[in-house]
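In the working numbering, the protein residues as written are 3 to 406.
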Amino acid sequence: MHQLRNKRILVGITGGIAAYKTAELVRELSKLGTEVQVVLTEGAKAFVTPMTLQALSGRTVRDSLLDPSAEAGMGHIELARWADRVLIAPASADSMARMAAGMANDLLTTLCLATESKVLLAPAMNQAMWADPATQRNLDELQKVKGDKLKVLMPASGEQACGDVGAGRMQEVSDLLKALADEFETKALTGKKVVITAGPTREPIDPVRYISNHSSGKMGYALAQAAMEAGAQVELVSGPVNLPKPDRINNHSVVSAQDMYDKVHELIDGADIFIATAAVADFRPETEASNKLKKVPGQDTMTLTMVKNPDILASVSNLENNRPNTVVGFAAETDQPLVYGRSKLEKKNLDFVVVNDVSRTDIGFNADHNEVTLLSSVDEKPIGPMSKTKLAEELISEIVKSIK
Ligand code: PMT
């Protein structure tokens with residue numbers, strides 16, 4: 003919880019029995035060295051007193067927009083700017099409705115409009131009130147209008163103070179503290195942009211046929227997930243796969259190698275890391291027939307003329323002005339993996355090559371596991387066998403080490 007030391011948290015308390023837990027939260031935050039400013043609504047004062055919260059936070063509690071003496075100290079706009087984060091706990095159905103409507107009829111709702119900081123909302127109410135369509139509509143509306151400036155700490159299920167059982171209990175103090183601490187955690191790739199290619203490409207022959215390969219996208223998607231979890235902004239450029247689009251990642255769907263090349267070059271400016279996991283077709287049919295090709299009577303063979311696709315990885319690695327700091331390629335080999343892998347490292351001017359032996363069916367293409375050797379100009383590190391998820395985390399951690 004060290005992340006919370008010296009941070010400025012505005013804790014808004016609205017009318018609800020869970021307000022007693024917030025008093026405990028304020029106490030814990032103060033112990034951690036967090037600066038806490040409590041703002042109470044009129045409804046909250048029926049459950050907790052300003053005196054208690056002042057004693058716990060060490061600051062005069064604010065409860066009115068129209069108090070000239072308080073405004074003379076730190077006005078509500080200054081207060082809104084002061085906060086690193088605003089936490090509203092408990093957030094009652096009424097306060098959510100007023101916020102969703104954009105009202106500013108008390109100090110807390112006014113601060114929510116005036117602040118540019120993120121607001122964390124911990125709803126708490128009777129389970130029927132929580133389930134009511136009007137409350138759910140207000141929640142949706144708030145999420146829609148506030149976007150990533152709002153984080154909802156969804157209420158838990160269980161026995162409620164009124165005797166009902168269901169969803170509506172405010173999260174526990176320890177969970178609220180963790181959610182606040184997570185807001186200030188800087189991760190290894192925070193502030194970094196990572197572009198990743200994944201999956202196969204499809205090279206059309208005619209409107210119904212194409213040339214492709216067995217890549218499932220699993221390795222590339224696992225890397226995108228690991229990079230996102232390490233704090234990066236991830237741009238995932240994916241060929242056609244049957245995987246769900248990952249959350250909190252910018253997904254870009256492409257079909258052919260040329261599409262993938264174009265999309266990567268549209269996104270590469272400002273990228274710190276480029277990882278080419280995709281199994282890109284080296285060649286494509288020279289022309290795509292506009293109608294479905296027909297069998298020709300008496301003709302037992304057919305010839306397709308293929309032309310070379312652009313090499314996406316080499317093109318990024320050889321960028322003159324905006325080459326990412328770290329460029330990582332994969333090498334899918336069926337014989338002498340390390341020899342061919344090292345040759346790709348040099349020829350394509352890469353920082354790393356991840357070599358996998360795709361002659362095996364238990365790893366590589368379309369498998370859930372992989373076993374690789376990570377090559378750099380100075381090192382050769384075997385990793386695995388392990389799940390692609392775990393392997394992706396290991397690879398991202400190796401890349402992070404090299405950046406440091
Ligand atoms: O998708 P999965 O089912 O999980 O399988 C994972 C994988 C086996 C596809 C993956 O681990 C892998 O090895 N990917 C690279 C496959 C490949 O095309 O390797 P290659 O040796 O042909 O190409 C070398 C590198 O150049 C690769 O990083 C490739 O993305 C890149 N390349 C190749 C050709 C091209 N025109 N443009 C490229 O960017």
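Note that CB positions come from ideal geometry on N, CA and C, so glycine has one too.
Taking G331 as the centre and dropping the five residues before and after it, the same chain places the C-beta of A278, L315, K346, K350, L352 and V355 closer than 7 Å to its C-beta, in chain order.
Per DSSP, reduced to three states, the secondary structure at A291 is coil, with no helix or strand assignment. Between the ligand PMT and the CB of I314, the shortest heavy atom gap is smaller than 8 Å. Taking all protein chains shown into account, A229 has 16 or more neighbouring C-beta atoms within 10 Å of its C-beta and is therefore buried. Per the coordinates, the alpha-carbon of A224 lies some 12 Å from the alpha-carbon of A369. Here K195 carries a strand assignment [DSSP, helix/strand/coil]. One thing to note: D284 has its Cβ no nearer than 9 Å to the Cβ of K195. Inside the region 115 to 154, DSSP marks whole alpha helix (DSSP H) runs of 4 or more residues at positions 129 to 133 and 135 to 148, from first to last along the chain.
Judged by their CB atoms, K120 and E80 are not nearer to each other than the 9 Å cut-off. As DSSP reads the structure, N311 sits in no beta bridge. In summary, M53 is exposed, with fewer than 16 beta-carbon neighbours lying within 10 Å of its beta-carbon over all protein chains present. With a cut-off of 8 Å, the C-beta of M221 is classified as near the ligand PMT, since at least one heavy atom of the ligand falls inside that distance. Taking the Cβ atoms as the reference, I15 lies roughly 7 Å from V40, within the contact range of under 8 Å.
M172 sits buried, since 16 or more C-beta atoms from the chains shown fall within 10 Å of its C-beta. A straight line joining the alpha-carbon of A133 with that of A169 spans about 8 Å.
Taken through DSSP and simplified to helix, strand or coil, P384 comes out as strand. A74 sits exposed, since fewer than 16 C-beta atoms from the chains shown fall within 10 Å of its C-beta.
Assigned with DSSP and collapsed to three states, T112 falls in helix. Counting along the chain, the unbroken beta strand (DSSP E) around Q235 starts and ends at Q235 to S240. By the neighbour-count criterion, in which 16 or more other beta carbons inside 10 Å mark a residue as buried, Q138 falls on the exposed side.
A residue is called buried when at least 16 other Cβ atoms come within 10 angstroms of its Cβ; N8 does not meet this threshold and is exposed.
Exclusion of the five residues before and after V239 leaves V197, I198, T199, A200, H254, V256, M262, K265, V266, L269 and A280 as the residues of its chain whose Cβ lies within less than 8 Å of its Cβ. According to the DSSP assignment, D96 belongs to the alpha helix (DSSP H) that extends over A95 to A102. The beta carbons of E118 and A93 sit no closer together than 9 Å. For I11, no alpha helix (DSSP H) segment is defined; the enclosing uninterrupted segment is the beta strand (DSSP E) at R10 to I15. For E161, the uninterrupted beta strand (DSSP E) run begins and ends at A158 to E161, by DSSP. Here the distance from the Cβ of A102 to the nearest heavy atom of the ligand PMT is not below 8 Å.
Spatial neighbours of G17 in its own chain (CB-CB distance under 7 Å, excluding positions within 5 residues in sequence) are listed in chain order as T43, G45, A46, A48, F49 and S94.
Burial check for E237: the Cβ neighbour count within 10 Å reaches 16 or more, so the residue is buried. Nearest to S214 by C-alpha distance, out of L191, K151, P242 and M221, is P242. Of the heavy atoms belonging to the ligand PMT, at least one sits nearer than 8 Å to the Cβ of F332.
A direct Cα-to-Cα measurement between N311 and T336 gives close to 21 Å. In this structure, N324 is the residue among K146, L34 and N324 with its C-alpha nearest to the C-alpha of D271.
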